[in-house]
Amino acid sequence: MNNQGLTYYLLFVIATILLSAFQYGYHNGALNTPQSVISKCQQTATVYQPDCIPMSDSKYSLVVAMLTAGGLVGALGCPHFSDRYGRRLTLFSTNLFLGIGSLLLTFATTPYVMMIGRFLAGVGAGMVTVIVPPYISECVPPSKRGLFGTFNQLSIVIGIMIAQIVGLMWSTLARWRYILAIGILLAILQSCLLPFCVDSPRYLASLPGGFNRAKQSLLRLRGTSIEEVEDEIIAWRREWANQVQDETLVDEHHHGGVIQSVDSGHEKVTSWKFLTSPFYRRPLLIILLLQLAQQLSGVNAVVFYSTSIMSSVFPELSGVITVCISIVNLIMTTVSAMLMDKVGRRSLFLTSSSLMALMAFLLGWSITNGYDKTSAFAIIGFIASFAIGLGPIPFLMIPEVVETHAVSVACSVGLAVNMISNFIVSAGFLSLQNTLGAQAFYVFSVALIALTTVAVFILPETKGRSAEDVIRSGYSIYSCSYEPINSFE
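All letters in the sequence shown, in the order written, are residues 0 to 488 by numbering that gives the first Met the number 0.
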């Protein structure tokens, strides 16, 4: 099998990487369904394995929220490790946190042990969110980046859905710990498979003296001739050399004097440099736009509100409503994967955000006026619209707008913005709802309209373009061809 650089080995590597995204999704959904079983029963006399762990709703919410807290720590610490030790070893290390976290959750006897376990799992999950998108993007052929990049979000959605289905089956006093134990098995499985995977060829090529290692990695992934592989790596290095010239010119313009030379092209990019350097100002703005749009859309608030709305319309299906919503999310994310390399990221993002703005307005209006069936339609439309664009695109595009040696830092910054804005929306939604009622969804609609308007002017189309082409074009909205200004020797 070799269809445009696709090989069975490449598919194996991608599937192994995506196990991390699946784990992230699974941990996200694992504690939702069994909440009443875990926290509401009477404490038993069993010392080592109590049937449940009684706690208040606020304390249970804190346990759940520790995944986000740990995720922020993992995201901020990941770039240094990834740039120093590589994508594969970094991904391998996430299983240490995910596995130990799952172990503590499975055998927890107090809420505090659950919090620690959830926090450790969150550290691993945060690292996963930073490392998986660039690892995939740097392994697959450029023409397939959109398709395989969307698989990251698809795997997260599948993980959430499987956690919900398992939760429906095992949310009993005798079996709820089995739900959490699956996390241990997933971490062990991926740890066994990763040693058979190569590291990212683009990462290896960015290292001093890494040409031969990058060549061997790319040969296994592509299955093409040595000449084609060498030409691809040389093209990367030529583009990187051109980037260094561009960055030097930008720094000279803003700071005066020569800041760096072409030979220092792979100088470490720190979070501070990414946030403050004029060279990274445009990609930083794009990343902020993408991440803020995803969370300020109010998707988590809509999902939270959806169960009560859908239960009033379809009371006989109240037990499976969350699973049904996840199935809608899964179907539309699959559609997005098929469209990503045909329609393009920019078009899908603008379509997605525009439809979500409409559906958020419709949801607020229908709830205010008591139209239950219209509310149900608006929720399904909102989730479907999210899945085709704002779900997969924010992290898919990060490796497509920054160069290889800055990807980890860019993903880390993106995830930090994502989680902070998620926390603000989650913490403020109930107060907003208490003040405005269902009209709170109008706020999300207005935010989406504003962010979509900004995206029209600054969001580039990255379909079929390398990150280097996007950068050298000045982040032009549509694809342009640029000849390199010097050759790589």
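Every residue gets a Cβ at the ideal spot worked out from N, C-alpha and C, and that includes glycine.
Candidates the options, of which the one nearest residue i by Cα
i      : options                        : result
ALA283 : VAL408, GLY222, LEU217         : Correcting the residue identity first, residue 283 is Leu in this sequence and not Ala. Ranking VAL408, GLY222, LEU217 by Cα distance to LEU283 puts VAL408 first.
HIS79  : SER465, HIS404, SER425         : HIS404
ILE382 : GLY297, ALA64, LEU287, LEU9    : GLY297
THR461 : GLY85, ILE366, LEU347          : LEU347
LEU75  : ILE52, GLY121, THR32, LEU5     : GLY121
GLN294 : THR15, VAL416, MET54           : VAL416
GLN189 : MET114, HIS26, ALA14           : ALA14
ALA300 : SER420, ILE52, VAL112          : SER420
ALA29  : MET113, GLY85, GLN163, ILE320  : GLN163
ARG345 : SER224, LEU274, PHE195, TYR477 : TYR477
ARG83  : SER205, ILE232, PHE278, LYS341 : SER205
THR451 : ASN433, THR105, ALA356         : ALA356
GLY380 : ALA186, PRO393, SER351, GLU399 : SER351
ARG236 : ASP468, SER475, SER472, GLY473 : ASP468
GLY436 : ASP56, SER365, PRO140          : SER365
SER425 : SER38, ILE232, ALA64, GLY100   : ALA64
LEU220 : PHE428, SER136, CYS77, PRO277  : SER136
ILE457 : GLY85, SER472, THR434          : SER472
ASN31  : TRP169, PHE210, ASN368         : TRP169
GLY369 : ILE308, LEU414, ASN27          : ILE308
ARG464 : ASP56, LEU316, VAL442, PRO140  : PRO140
Own chain, CB closer than 8 Å to residue i, minus 5 neighbours either side, in chain order
i      : result
THR149 : THR332, SER335, ALA336, MET339, PRO391, LEU395
VAL156 : GLY24, SER325, ASN328, LEU329, THR332, ALA386, GLY390
SER270 : LEU75, PRO78, VAL408, SER411, VAL412
ILE285 : MET396, VAL400, ILE457, LEU458, PRO459, TYR474
PRO33  : GLY166, TRP169, SER170, TRP175, ILE178
Straight-line Cα distance separating residue j from residue i
i      : j      : result
GLY73  : GLN290 : 17 Å
LEU248 : LEU354 : Residue confidence is low: LEU248 scores 49 on pLDDT, short of 50, so the model does not pin down where it sits. Its coordinate-derived value is still stated next. Their Cα atoms are separated by approximately 41 Å.
GLY182 : VAL36  : 19 Å
ARG281 : VAL401 : 10 Å
VAL412 : GLY69  : 15 Å
SER19  : ALA124 : 8 Å
THR128 : ALA180 : 22 Å
ALA107 : ALA446 : 41 Å
LEU10  : LEU349 : 30 Å
ILE378 : LEU362 : 7 Å
CYS51  : ILE423 : 31 Å
HIS254 : LYS272 : Annotation note: pLDDT 48 at HIS254 (below 50); position unreliable, coordinate value reported separately. Using only the alpha carbons, I get a separation of about 14 Å.
GLY343 : LEU153 : 17 Å
ILE320 : ILE159 : 13 Å
LEU184 : ASN94  : 10 Å
THR171 : TYR59  : 17 Å
LEU5   : MET113 : 42 Å
SER374 : SER384 : 15 Å
VAL312 : PHE303 : 16 Å
ILE397 : PRO53  : 42 Å
LEU88  : LYS267 : 19 Å
ILE233 : PHE376 : 52 Å
ALA292 : GLY388 : 11 Å
TRP175 : GLY166 : 8 Å
LEU103 : MET126 : 19 Å
LYS214 : LEU193 : 19 Å
SER475 : PRO459 : 6 Å
ILE225 : SER142 : 20 Å
SER486 : LEU90  : Because the pLDDT of SER486 is 39, which lies under 50, any placement of that residue in the model is unreliable, and the number read from its coordinates should be weighed accordingly. About 34 Å.
GLY427 : ASN433 : 10 Å
GLN438 : VAL455 : 27 Å
LEU288 : THR223 : 38 Å
First and last residue of the uninterrupted alpha helix (DSSP H) at residue i
i      : result
GLN152 : 144-169
SER276 : Careful: SER276 lies outside any alpha helix (DSSP H) and carries neither H nor E.
CYS410 : 406-435
ALA173 : No alpha helix (DSSP H) holds ALA173; DSSP gives it neither H nor E.
ASN31  : Element bounds for ASN31: n/a, residue is neither H nor E.
SER296 : First-last for SER296: undefined, no H or E at that position.
LEU357 : 344-367
PRO459 : Counting along the chain, PRO459 falls outside any alpha helix (DSSP H), and DSSP gives it neither H nor E.
THR373 : 371-387
ASP468 : 466-471
GLU399 : 397-400
Cβ-based neighbour list, residue i, same chain, cut-off 7 Å, excluding 5 preceding and 5 following
i      : result
PRO207 : none
VAL131 : ILE16, SER19, ALA20, ASN151
GLY98  : ILE183, ALA186, ILE187
CYS196 : VAL12, THR15, ARG87
ASP198 : GLY85, ARG86, ARG87, SER216
is_contact[residue i, chain C] using C-beta, thresh 7 Å
i      : result
GLU227 : Annotation note: the requested chain C is absent from the structure, which comprises a single protein chain.
Residues near residue i in its chain [Cβ-Cβ closer than 6 Å; skip 5 each side]
i      : result
THR67  : MET418
GLY209 : LEU203
VAL539 : No information on residue 539 is available, as it lies outside the stretch 0 to 488 that the chain covers here.
SER444 : ALA356, ALA359, PHE360
Which runs of the alpha helix (DSSP H), 4 residues or longer, sit entirely within the region 82-117? 86-105
So within the region 176-228, which uninterrupted alpha helix (DSSP H) runs reach at least 4 residues, ignoring any that extend past its ends? 200-204, 210-221
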